[in-house]
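*Asks:* Quick one: the structure is below, and I'll ask about it shortly.
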Amino acid sequence: MCGIFAIFSSSLPEADLRKELIACSQKLRHRGPDWSGYKVIEADESKNIPHPHGIAHERLAIMDPESGEQPLVSADGSVVVAANGEIYNYKELYHELKDPYTPQTGSDCEVILPLYAEHGPTLDMVRNLRGMFSFILYDRDADLYFIARDHMGITPLYIGWGNDGSVYVASEMKSLIDECTKFQWFPPGHIYCNKGEKAGQFQRWYTPNWAPEMLPGGPLPKNHYQADVIRHAFERAVTRRMMSDVPWGVLLSGGLDSSLVAAVCARNISRRSTSFPKLHSFTIGLPGAPDLIAAKRVADQLGTIHHAYTYTLEEGADSIPDVIRCLETYDVTTIRASTPMYLMARKIKAMGIKMVISGEGADEVFGGYLYFHKAPNAQEFFDETVDKLSRLHMYDCLRCNKAMSAWGVEPRVPFLDADFLQVAMNLDPEEKMIRKGPNVSKADTRIEKWAIRKAFDTPEDPYLPDEILWRQKEQFSDGVGYGWVDHLKEIAEKEISDQMFATAKNRFPHNTPTTKEGYRYRMIFEQFFPGEAAERTVPGGKSIACSTERAMKWDESFSKRADPSGRSAGVHDSAYGDHFEADTKIAGEPPSKKAKN
Ligand SMILES: *[C@@H]1O[C@H](CO)[C@@H](O)[C@H](O)[C@H]1NC(C)=O
């Protein structure tokens with residue numbers, strides 16, 4: 001990952017603007033510890049540039065570490081680009097250009113320059129980019145700036161406005177909060193330009209046929225299930241992410257999603273004709289955590305060089321304020337799950353690894369959360385997946401990106417590959433629905449994420465052992481060890497008095513916390529990020545594993561619970577099911593059996 005930052009149309013004199021540019025951009029240096037690049041564009045009335053601009057880039061060098069420095073500048077010096085992310089299809093994009101272009105660097109992001117030359121500041125310029133990216137482009141000839149964010153918001157991006165009419169753009173909120181009176185997250189899948197008909201408006205460029213506006217309620221996709229098609233699409237999504245000029249690895253929790261990622265990488269490596277470094281895999285948990293055990297089993301099976309880290313309750317709890325500062329959220333579930341990830345990122349970095357491939361997004365795409373069991377029909381099921389995907393930039397994308405970037409590690413997420421989504425989201429949602437219970441025969445039974453499990457169920461040449469491929473979901477906060485969430489609740493119980501909690505509404509009228517734990521995170525968040533604009537960048541807290549109002553209606557017992565984690569969703573029935581208190585079980589829900597079709 002990298003950090004990008006810009007100030008447009010500043011009222012500051014150039015020398016001061018440069019100082020401010022450096023000071024703000026420095027706050028992003030954890031994202032890109034390898035190099036910094038600053039570019040100030042001076043005001044020049046004769047060229048119709050009334051105000052100066054500044055563009056900054058903090059680089060994490062993964063592709064072409066020798067010469068891929070940024071901001072990139074076009075050959076004639078008129079266009080400047082600072083980009084964060086990876087464009088996996090950059091070679092294809094170079095080939096498709098009408099005017100042949102000779103790249104000056106090995107950086108995948110350089111392709112933005114010729115694409116801009118060909119398309120200008122348009123939706124078409126970004127439409128064919130495949131990957132995760134946010135970029136800031138400035139064109140001196142037109143005194144124009146053009147900003148874009150990837151389809152899902154895999155990379156973070158914020159935009160803000162200063163009192164003097166300036167516009168700020170930053171990878172993280174921390175570098176613009178002190179400068180802007182008004183700011184917000186930059187909507188995923190959108191562009192923004194200061195010139196043209198739509199000047200100053202966000203325009204959606206990502207308009208997939210399965211949800212052109214990324215809103216629920218559209219027509220249901222109708223593609224029939226074809227295991228091969230899903231498998232090939234996912235394999236492509238994973239292997240195109242193996243592009244790296246520096247050492248990398250995979251995050252492996254031992255759950256289905258990360259194990260599939262690891263299995264595809266391991267297979268690709270083992271079947272290459274040329275030699276390739278062995279795959280590193282990483283896990284973290286409290287001592288004895290289910291994830292540690294499951295991940296080890298997968299790693300042994302795949303033959304990866306496995307690194308299992310443990311953390312203590314104290315280490316986890318001590319880092320909570322840091323996690324909140326890095327993650328820029330007060331969402332309870334995100335903070336609980338981010339902490340082990342944040343601790344692990346530091347260890348990964350210490351190993352000399354700069355990039356990891358990770359399993360985020362599978363639960364949104366395939367309806368893997370346990371409450372999806374309650375979806376009454378295909379439309380509701382589908383709408384919920386679309387809704388979840390459209391909000392992912394505030395939850396798991398944010399968690400994964402910022403927890404890893406806090407230590408200069410780049411995460412890549414193949415389940416959110418736009419081409420893979422095109423296949424997986426066009427699948428008839430009926431095929432993704434969970435089928436089980438007393439009236440469903442064993443042959444017809446489908447557990448959650450059947451569609452992706454079945455795609456990788458190739459007994460003649462298995463990717464994963466059956467007990468992993470068909471292992472039922474572990475909520476992350478439980479997978480890392482059961483003491484973790486309880487410990488966090490205990491701390492909050494001690495720190496937040498009943499009196500404080502009873503009057504939470506007065507102190508936090510917006511998104512009032514519903515638990516003492518939530519109240520505690522809110523207080524910490526407020527110390528780092530005061531003000532209404534900051535609190536409004538975080539979604540509301542009344543949810544179970546970030547589920548929606550829709551899901552609340554599926555089963556009224558969901559909405560009666562204050563605990564926002566998924567672990568009390570009551571349909572959990574793994575070998576660790578004893579952990580769940582009887583009163584959180586949904587009445588009448590039979591304990592499901594591991595089912596394989
Ligand atoms: C491994 O992945 C690369 C990159 O996508 C691909 O070109 C290659 O064909 C794959 N190799 C095997 C043996 O699967």
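According to full-length UniProt numbering, the residues represented by the sequence shown are 1 to 597, in order.
Quick reminder that beta carbons are idealized off the backbone N, C-alpha and C, glycines included.
1) Nearest to L313 by CA position, among W484, P156 and F381, is which residue?
2) Can you tell me the Cα-Cα spacing of A263 and Y463, whole angstroms?
3) Going by DSSP, name the residue or residues bridged to I4.
4) Let me know the secondary structure DSSP gives C546 once reduced to three states.
5) Return the chain-ordered ranges of every alpha helix (DSSP H) run that is complete within the stretch 234-304 and spans a minimum of 4 residues.
6) Measuring from the CB of I239, is there a heavy atom of ligand 1 at a distance below 7 Å?
7) So does the stretch 232-246 actually touch the stretch 185-197, counting three or more Cβ pairs closer than 8 Å?
8) Helix, strand or coil: how does DSSP classify E20 here?
9) Does the beta carbon of A350 come closer than 8 Å to any beta carbon on chain C?
10) According to DSSP, is residue 686 helix, strand or coil?
11) Do you know whose CA, among N194, Q184, R520 and R471, lies nearest K489's CA?
12) Closer than 8 Å is the cut-off here; do at least three beta carbon pairs connect the stretch 291-301 with the stretch 507-521?
13) In the structure shown, what three-state DSSP assignment does Y519 receive?
14) Taking contact to mean 3 or more Cβ pairs, one atom from each stretch, closer than 8 Å, check whether the stretch 398-410 and the stretch 339-357 are in contact.
15) Express the C-alpha separation of W554 and Q422 in angstroms, rounding to a whole number.
16) Under the three-state reduction of DSSP, which class applies to T310: helix, strand or coil?
17) Kindly indicate which three-state DSSP category F426 falls into: helix, strand or coil?
18) Give every residue of the same chain whose Cβ lies closer than 7 Å to the Cβ of A534, excluding the five residues on either side of it in the sequence, and list them in chain order.
19) Once the 5 residues before and after V80 are set aside, which same chain residues still bring their CB inside 6 Å of it?
20) Can you tell me where the beta strand (DSSP E) with I136 in it begins and where it stops?
21) Between W210 and M433, how many whole angstroms is the CB-CB distance? I'm expecting something under 8 Å.
22) For P277, which of G68, D498, R267 and T283 has the nearest alpha-carbon?
23) Below 8 Å on the Cβ atoms is my contact criterion, and I expect R130 with D419 to pass it. Report the Cβ-Cβ distance as a whole number of Å.
24) Under the assumption that L115 contacts Q203 (Cβ atoms under 8 Å), give the Cβ distance between them as a whole number of angstroms.
25) Return yes when the Cβ of E69 is within less than 8 Å of the Cβ of G37, no when it is not.
26) What three-state label does DSSP hand V440 in the structure shown?
27) Do N401 and ligand 1 come close, with the Cβ less than 7 Å from some heavy atom?
28) At a threshold of 7 Å, does M242 count as lining ligand 1 (C-beta to nearest heavy atom)?
29) How would you write the range of the beta strand (DSSP E) that I357 sits in, first residue to last?
30) Considering only heavy atoms of ligand 1, does any lie closer than 7 Å to the CB of N268?
31) Please indicate yes or no: does the CB of R271 lie closer than 7 Å to some heavy atom of ligand 1?
32) Taking the Cβ atom as the reference point for each residue, do V298 and V261 lie within a distance shorter than 8 Å?
33) What would DSSP say about L416, mapped onto helix, strand or coil?
34) Find out if the Cβ-Cβ distance for the pair S134, G85 is shorter than 8 Å.
*Replies:* Reading it off the structure:
1) Position 313 of the sequence shown, counting from 1, holds the residue named residue 313. Of W484, P156 and F381, the residue nearest in Cα terms is W484.
2) Walking along the sequence shown from the start, residue 263 turns up at place 263. Walking along the sequence shown from the start, residue 463 turns up at place 463. Roughly 6 Å separates the two Cα atoms.
3) For this step, residue 4 is matched to residue 4 along the sequence shown. Its beta-bridge partners are H57.
4) Position 546 of the sequence shown, counted from the start, is the residue given in the question as residue 546. A caution first: C546 carries a pLDDT of 45, below 50, which makes its placement in the model unreliable, though a value can still be read off. If DSSP states are grouped into helix, strand and coil, C546 belongs with coil.
5) 256-270 and 290-302
6) For the purposes of this step, residue 239 is taken as residue 239 along the sequence shown, with counting starting at 1. Correcting the residue type first, residue 239 is Thr in the shown sequence and not Ile. Flag set: Cβ of T239 near ligand 1.
7) no
8) Indexing the sequence shown from 1 puts residue 20 at position 20. Three-state DSSP puts E20 in a helix.
9) Looking for chain C here will not work: only one protein chain is present.
10) Absent from the model: residue 686. The displayed extent of the chain is 1 to 597, so no value can be given.
11) By 1-based counting over the sequence shown, the position of residue 489 is 489. When only C-alpha atoms are compared, the closest one is R520.
12) no
13) To locate residue 519, count along the sequence shown from 1; it is residue 519. The answer is helix: DSSP assigns Y519 an H, G or I state.
14) yes
15) Residue numbering aside, residue 422 sits at position 422 when the sequence shown is read from its first letter. Residue numbering aside, residue 554 sits at position 554 when the sequence shown is read from its first letter. Cα-Cα distance, rounded: 27 Å.
16) Counting from 1 along the sequence shown, the entry for residue 310 is found at position 310. In this structure, T310 counts as strand in the three-state DSSP scheme.
17) In the sequence shown, residue 426 corresponds to position 426, counting from 1. In the sequence as displayed, the identity of residue 426 is Asn instead of Phe. DSSP places N426 in coil when its eight states are reduced to three.
18) Numbered from its first residue, the sequence shown carries residue 534 at position 534. Once the five neighbours on either side are set aside, the close Cβ partners of A534 are M173 and I177.
19) Indexing the sequence shown from 1 puts residue 80 at position 80. If we look at V80 and ignore the five residues flanking it on each side, its Cβ neighbours are K39, I55, P71, V73 and Y138.
20) On the sequence shown, residue 136 is found 136 positions in, with the first residue counted as 1. Taken as a continuous stretch (DSSP letters only), the beta strand (DSSP E) holding I136 covers G131 to D139.
21) Along the sequence shown, read from residue 1 onward, the residue named residue 210 stands at position 210. Along the sequence shown, read from residue 1 onward, the residue named residue 433 stands at position 433. W210 to M433, Cβ: 16 Å. No contact.
22) The residue you call residue 277 lines up with position 277 of the sequence shown. Of the candidates G68, D498, R267 and T283, the one whose C-alpha sits nearest the C-alpha of P277 is R267.
23) Translated into the one-based positions of the sequence shown, residue 130 becomes position 130. Translated into the one-based positions of the sequence shown, residue 419 becomes position 419. That pair is a contact at about 6 Å.
24) To locate residue 115, count along the sequence shown from 1; it is residue 115. To locate residue 203, count along the sequence shown from 1; it is residue 203. Not confirmed; about 17 Å, so no contact.
25) Walking along the sequence shown from the start, residue 37 turns up at place 37. Walking along the sequence shown from the start, residue 69 turns up at place 69. Yes, the Cβ-Cβ distance between G37 and E69 is below 8 Å.
26) Taking the first residue of the sequence shown as position 1, residue 440 is located at position 440. Of the three classes helix, strand and coil, the one that applies to V440 here is coil, per DSSP.
27) Numbered from 1 along the sequence shown, position 401 holds the residue referred to as residue 401. It does not: the Cβ of N401 is nowhere closer than 7 Å to a heavy atom of ligand 1.
28) The sequence position of residue 242 within the sequence shown is 242, counting from 1. True, at least one ligand heavy atom lies under 7 Å from that Cβ.
29) Taking the first residue of the sequence shown as position 1, residue 357 is located at position 357. Start and end: M355 to I357.
30) For the purposes of this step, residue 268 is taken as residue 268 along the sequence shown, with counting starting at 1. It does: the Cβ of N268 is within 7 Å (strictly closer) of some heavy atom of ligand 1.
31) Position 271 of the sequence shown, counted from the first residue, corresponds to residue 271. Within the cutoff, so yes.
32) Here residue 298 is taken as the residue at index 298 of the sequence shown, counted from 1. Here residue 261 is taken as the residue at index 261 of the sequence shown, counted from 1. Going by C-beta atoms, V298 is not nearer than 8 Å to V261.
33) For the purposes of this step, residue 416 is taken as the residue at position 416 of the sequence shown. L416 falls in the helix class under three-state DSSP.
34) The residue labelled residue 134 in the question sits at position 134 within the sequence shown. The residue labelled residue 85 in the question sits at position 85 within the sequence shown. Yes, the pair counts as a contact, with Cβ atoms nearer than the cut-off.
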